[in-house]
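K.L.:
Please read through the structure below; I'll follow up with questions.
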Amino acid sequence: MPLKIQPRVPRGMRDILPQQMLLRQYVIGEVEKVFQRFGFEPLQTPVLELRETLMGKYGPDAEKLIYDAQHREGKEELSLRYDVTVPLTRVVAMYPELVKPFKRYQIAPVFRAERPQKGRYREFYQCDADIVGSKSMLADAEIVTMIYTVFKQLGFKSFVTKINNRKILTAIGERTGVPPESLGALYRSIDKMDKIGQEGVVDELTKALTDERLGNKRLSLAEAKKTAEQTVSFTRLYDGGWPELLRSHPLAQQGFDELDQMRKFLDDTGVPVSYIEIDLSMVRGLAYYTGPIFETVVTEPKIGSLSGGGRYDELMGLFSNQSLPMTGTSFGIERIIDVMDELTMYPASIGKTVTQALVTVFNRDLIGASVRVANALRAAGINTELALDADGLGKQLKYAAAKSIPYAIIIGPDEAAAQKATLRDLSSGEQTVVAESEIAEAIKLKAQS
RNA sequence: GUGGCCAUAGCUCAAUGGCAGAGCGUCUGACUGUGGAUCAGAAGGUUGCGGGUUCGACACCCGUUGGCCACCCCA
């Protein structure tokens, strides 16, 4: 007797059982409908990409999390995709004939070897929508409008999309004179503003700027503190305007101008201002963003961002001589689902099973009658299960109840003789005898009320 | 990647270093034309895995794997 193997799944990955799957399909379906309503088209790419396609795009921290997917005798170096944005860029570079602007969506699993936690898995679905080939801030505004529409559609009430611009962040770095090798630390610190507050950021940034490990350009304590304070003051929103010292920086000027344009377009597309927040302390981690960046968070359960995205005009340049402006967003379906689970936001119409009716089998002689009824119901578009074993009727009804199947159909000798069937409503226990030809109609009628 | 808490039946959890248990669930029957209730019975375990301490380990120690939480980062 060989030793049994422990049934389990890899770390950070999970099975999704039918009941959970139905909720998932609902959420994904709603997101997809909104994507299509905004004119995005579906795209599929391989789960594996050549390693060289992925490397050098996300930044060193992120790239440590990329899975290798080598076959023992394979000659190509392969990796599991880390997101679906870089593969899109690869596609756009490979098929220059695609009509621009190219708008595509992709809903697919991606893989990151992080330490798992609530709302963080090693395999998770991203729902991406991107616009390729438009420099207009209207494209970014469309993306943000779509984000708003998706969350509204799913029934979210308290969420906000934060908007910032990479150009402003870069300008802050230059204006404050933070050495380039410390820019990462600078961004990481100010990104925590809403968590640890302005003073927290000053402290942390001061510490980072005086850290010896950052090399020869490290600042003295006094310099560092001054730089940190200036940085924080730059990210603060003054009523009506931005700090003049920052504003005069050419890159910041561009960034502010882009923000203004977006704001105007968002006003035109009708996104209420309460759902938008300009936040100069919001940073997105991925290295490829160059312009506007956005991130959507909910306030109630603490779970991190539910969607993130931005403009990445330079990424295509890594694959092709021709460069193309791109912008887009990514929804994290598992986090959206985790939040919706926690707040029980699903419409009651989503059942626990796809089956609408169970046709019971009374005994071996009456199997034929039951099969005929099941066929008729299926032909009429009703999801129908046929009892497969002629067990006792009690057992069959118990099965229907356990699976939350709403209706059971009973065809015993009496019904069979009269070409009828008993239709039982499992939730109320109510029973009616209906002519065989009218069962489908009767179920449809009941299901509506 | 760093730190903390945890791991016993399908699930939730008990068991002073001394016989591994309960509730729920599952299965069978009471019930050969009707589910959720009740009653009776049954099945179900290498106490995550590997070492160590001990006369004796579910318990204590070390390691390992996995889960949760915080940090880091992110969807």
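Using my numbering, read the first sequence as starting at 272 and increasing by one per residue.
Each residue gets a CB set at the ideal place from its N, CA and C atoms; glycine is no exception.
1. Assuming the contact rule is C-beta atoms closer than 8 Å, N435 and D550 should be a hit. Round their C-beta distance to whole Å, please.
2. Given a threshold of 16 other Cβ atoms within 10 Å of its Cβ, counted over all protein chains shown, does R555 qualify as buried or as exposed?
3. Would you kindly work out how many angstroms separate the C-alpha atoms of G230 and A495, rounded to a whole number?
4. Just curious, the alpha helix (DSSP H) that D538 is in, first and last residue?
5. From the DSSP output, in three-state form, read off N436 for me.
6. Specify the secondary structure class of I287 as computed by DSSP and reduced to three states.
7. Checking 9 Å against the spacing of the C-beta atoms, do D401 and Y366 come in under that value?
8. In this structure, what does DSSP give as the bridge partners for E312?
9. Which residues in the same chain as N487 place their Cβ atom closer than 8 Å to its Cβ, once the five residues preceding and following it in sequence are excluded?
10. Cutting at 6 Å between CB atoms, please list the residues of its own chain near P380, excluding the five before and the five after it.
11. For the beta strand (DSSP E) holding K691, just list the boundary residues, first then last.
12. Do V403 and I358 count as a contact pair if the criterion is CB distance below 9 Å?
13. Run through DSSP, which three-state label would D354 get?
14. State the Cα-Cα distance for the pair G603 and L577, rounded to the nearest angstrom.
15. Just the C-alpha distance for A692 and V642, rounded to the nearest angstrom, thanks.
16. Exposed or buried, which one is E656 when buried takes at least 16 other CB atoms within 10 Å?
17. Would you kindly work out how many angstroms separate the C-alpha atoms of S350 and M597, rounded to a whole number?
18. For a quick check, are the C-beta atoms of A694 and I676 less than 9 Å apart?
19. Taking 6 Å as the limit between beta carbons, can you name the residues of its chain near Q525, skipping five residues before and five after?
20. Could you tell me which residues DSSP pairs with G579 in its beta bridges?
21. For the alpha helix (DSSP H) that contains F395, what are its first and last residues?
22. For the beta strand (DSSP E) that L325 lies in, which residues bound it at each end?
23. Bridge partners for G639 per DSSP, in chain order?
24. When the Cβ atoms of the region 573–589 are set against those of the region 456–472, are three or more pairs found closer than 8 Å?
25. Do the region 442–452 and the region 318–325 meet, that is, are 3 or more Cβ pairs less than 8 Å apart?
26. Can you list, in chain order, the residues of its chain whose CB lies under 7 Å from that of L517, leaving out five sequence neighbours each side?
27. Tell me the residue span of the beta strand (DSSP E) that contains Q702.
28. Along the alpha helix (DSSP H) that carries L686, what are the first and last residues, could you check?
29. Tell me which residues share the same chain as L409 and place their Cβ nearer than 7 Å to its Cβ, disregarding the 5 neighbours each side in the sequence.
30. Any idea which residues DSSP pairs T416 with across the strands?
31. For I710 versus L648, is the C-beta distance shorter than 9 Å?
32. Assuming V472 is part of the alpha helix (DSSP H), what are its boundary residues?
33. Is P563 buried or exposed, if buried means 16 or more other CB atoms sit within 10 Å of its CB?
34. Does the distance from the C-beta atom of E301 to that of V415 stay below 9 Å?
35. Can you tell me whether Y458 is helix, strand or coil according to DSSP?
36. Nearest to L716 by CA position, among D584, Y678 and G599, is which residue?
P.N.:
Judging by the given coordinates:
1. By 1-based counting over the first sequence, the position of residue 435 is 164. By 1-based counting over the first sequence, the position of residue 550 is 279. The beta carbons of N435 and D550 sit about 6 Å from each other, so the pair counts as a contact at 8 Å.
2. Taking the first residue of the first sequence as 1, we reach residue 555 at position 284. With 16 or more other Cβ atoms from the protein chains shown falling within 10 Å of its own Cβ, R555 counts as buried.
3. Residue coverage of the chain in this structure runs from 272 to 720, which leaves residue 230 outside it and unanswerable.
4. Here residue 538 refers to the residue found at position 267 of the first sequence. In this chain, the alpha helix (DSSP H) harbouring D538 covers P521 to T540.
5. Position 165 of the first sequence, counted from the first residue, corresponds to residue 436. Note: N436 maps to strand in three-state DSSP.
6. The residue given as residue 287 occupies position 16 in the first sequence. Look at I287 here: in three-state DSSP terms it is coil, with no helix or strand label.
7. Locating residue 401 in the first sequence gives position 130, where the first residue counts as 1. Locating residue 366 in the first sequence gives position 95, where the first residue counts as 1. In terms of Cβ geometry, D401 and Y366 do not form a close pair [threshold 9 Å].
8. Mapped onto the first sequence, residue 312 falls at position 41. Per the DSSP secondary-structure output, E312 pairs in a beta bridge with R375.
9. If you number the first sequence from 1, residue 487 lands on position 216. Below a pLDDT of 50, predicted positions are generally treated as unreliable, and N487, at 49, falls in that range; the measurement from the model is reported next regardless. The beta carbon of N487 lies closer than 8 Å to none in the same chain, with the five residues before and after it left out.
10. Your numbering for residue 380 matches position 109 in the first sequence. Cβ neighbours of P380 beyond the five flanking positions: E394 and Y396.
11. Counted from its first residue, the first sequence places residue 691 at position 420. Counting along the chain, the beta strand (DSSP E) containing K691 begins and ends at K691 to D696.
12. Working through the first sequence from its first residue, we reach residue 358 at position 87. Working through the first sequence from its first residue, we reach residue 403 at position 132. Residue 358 is actually Pro in this sequence, not Ile. No; because the gap between Cβ atoms is not below 9 Å, this pair is not in contact.
13. The residue labelled residue 354 in the question sits at position 83 within the first sequence. D354: coil per DSSP, three-state reduction.
14. Position 332 of the first sequence holds residue 603. Position 306 of the first sequence holds residue 577. Between the alpha carbons of G603 and L577 lies a distance of about 6 Å.
15. Here the question's residue 692 lines up with position 421 in the first sequence. Here the question's residue 642 lines up with position 371 in the first sequence. Between the alpha carbons of A692 and V642 lies a distance of about 12 Å.
16. Sequence index remark: in the first sequence, residue 656 carries index 385 (1-based). Burial is judged here by how many other beta carbons sit within 10 angstroms of a residue's own beta carbon; E656 has at least 16 and is buried.
17. Here residue 350 refers to the residue found at position 79 when the first sequence is read from its first residue. Here residue 597 refers to the residue found at position 326 when the first sequence is read from its first residue. Rounded to whole angstroms, S350 to M597 spans 24 Å at the Cα level.
18. Here residue 694 refers to the residue found at position 423 when the first sequence is read from its first residue. Here residue 676 refers to the residue found at position 405 when the first sequence is read from its first residue. Note that residue 694 is Leu in the sequence shown here, rather than Ala. For the 9 Å CB-CB criterion, L694 and I676 do not form a contact.
19. Sequence index remark: in the first sequence, residue 525 carries index 254 (1-based). K438.
20. In the first sequence, residue 579 corresponds to position 308, counting from 1. DSSP, once it has assigned bridges, lists E566 and S601 as partnering G579.
21. The count along the first sequence starts at 1 and reaches residue 395 at position 124. That residue, F395, is in no alpha helix (DSSP H); its beta strand (DSSP E) goes E394 to V403.
22. The sequence position of residue 325 within the first sequence is 54, counting from 1. No beta strand (DSSP E) holds L325; the alpha helix (DSSP H) holding it covers R322 to L325.
23. Numbered from 1 along the first sequence, position 368 holds the residue referred to as residue 639. Note: G639 is not bridge-paired with any residue in the DSSP secondary-structure output.
24. They do not touch, by the three-pair rule.
25. They do not touch, by the three-pair rule.
26. Counting from one through the first sequence, the residue named residue 517 turns up at place 246. Taken in chain order, the residues that qualify are A442, I443, R446, F505 and A523.
27. Position 431 of the first sequence, counted from the first residue, corresponds to residue 702. Counting along the chain, the beta strand (DSSP E) containing Q702 begins and ends at Q702 to A706.
28. The residue given as residue 686 occupies position 415 in the first sequence. In the sequence as displayed, the identity of residue 686 is Glu instead of Leu. Unbroken alpha helix (DSSP H) run through E686: P684 to A688.
29. Counting from 1 along the first sequence, the entry for residue 409 is found at position 138. Residues of the same chain with a CB within less than 7 Å of the CB of L409, apart from the 5 flanking positions on each side, are F536 in chain order.
30. Position 145 of the first sequence, counted from the start, is the residue given in the question as residue 416. Secondary-structure assignment with DSSP links T416 through no beta bridge to anything.
31. As a first step, residue 710 must be located in the first sequence, where it is residue number 439. As a first step, residue 648 must be located in the first sequence, where it is residue number 377. Taking a C-beta distance under 9 Å as the contact criterion, I710 and L648 qualify as a contact pair.
32. Start at 1 with the first residue of the first sequence, and residue 472 comes out as number 201. Per DSSP, V472 belongs to the alpha helix (DSSP H) from M464 to L480.
33. Taking the first sequence and counting its residues from 1, one reaches residue 563 at position 292. When all chains shown are included, P563 counts as buried.
34. Residue mapping note: residue 301 aligns to position 30 of the first sequence, counting from 1. Residue mapping note: residue 415 aligns to position 144 of the first sequence, counting from 1. Contact flag unset, no.
35. In the first sequence, the residue the question calls residue 458 occupies position 187. Collapsing the DSSP output to three states places Y458 in a helix.
36. In the first sequence, residue 716 corresponds to position 445, counting from 1. Nearest C-alpha to L716 among D584, Y678 and G599: Y678.
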